[in-house]
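*Asks:* Have a look at this one before I ask anything.
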Amino acid sequence: MNPSKKSLLTNLKHDLPASLVVFLVAVPLCLGIALASGAPLFSGIIAGMVGGILVGAISGSPLGVSGPAAGLAVIVLGAINDLGSFEIFLLAVVLAGVIQILLGIARAGVIG
């Protein structure tokens, strides 16, 4: 279901304040999780922006809330320590994402 341009503009007056509130809540959370996981603070901002924009653009749902998961900070910090550097951790994350995309294209997760 593609919403029409008119309905998008009609909802804009409600969507903009709502998105501002979500942004104001998400920024400190993204920064805190980046700090807790040993990543540069800027990476928390980038992760929040990419996650919010990408999920909103790709999701077929008219409503959605996405954001960082604080529980993953410990796992990320452990992975950075195990791999030795933040750059190698980012490479591992990108490679994992590429593998997931390839498996999705191959429809490897379809049962039946």
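Heads up: the sequence shown begins at 11 in the numbering used here, then just goes up one per residue.
Each residue gets a CB set at the ideal place from its N, CA and C atoms; glycine is no exception.
(1) In terms of residue numbering, what span does the alpha helix (DSSP H) encompassing residue 57 cover?
(2) Tell me whether residue 94 is buried or exposed, calling it buried when 16 or more other Cβ atoms sit within 10 Å of its Cβ.
(3) Do residue 66 and residue 36 have their C-beta atoms within less than 9 Å of each other?
(4) Return helix, strand or coil for residue 72, following the three-state DSSP convention.
(5) Identify whether residue 121 lies in helix, strand or coil by the three-state DSSP scheme.
(6) Work out the CA separation of residue 52 and residue 117 for me, nearest whole Å.
*Replies:* The relevant details are as follows:
(1) As a first step, residue 57 is located in the sequence shown; it is residue number 47 there, counting from the start. Taken as a continuous stretch (DSSP letters only), the alpha helix (DSSP H) holding residue 57 covers 51-68.
(2) As a working mapping, residue 94 is identified with position 84 in the sequence shown. Result: exposed.
(3) On the sequence shown, residue 66 is found 56 positions in, with the first residue counted as 1. On the sequence shown, residue 36 is found 26 positions in, with the first residue counted as 1. The answer is no: Cβ separation not under 9 Å.
(4) Here residue 72 is taken as the residue at index 62 of the sequence shown, counted from 1. Residue 72 falls in the coil class under three-state DSSP.
(5) Locating residue 121 in the sequence shown gives position 111, counting from the first residue. If DSSP states are grouped into helix, strand and coil, residue 121 belongs with coil.
(6) Working through the sequence shown from its first residue, we reach residue 117 at position 107. Working through the sequence shown from its first residue, we reach residue 52 at position 42. Computed Cα separation, rounded: 35 Å.
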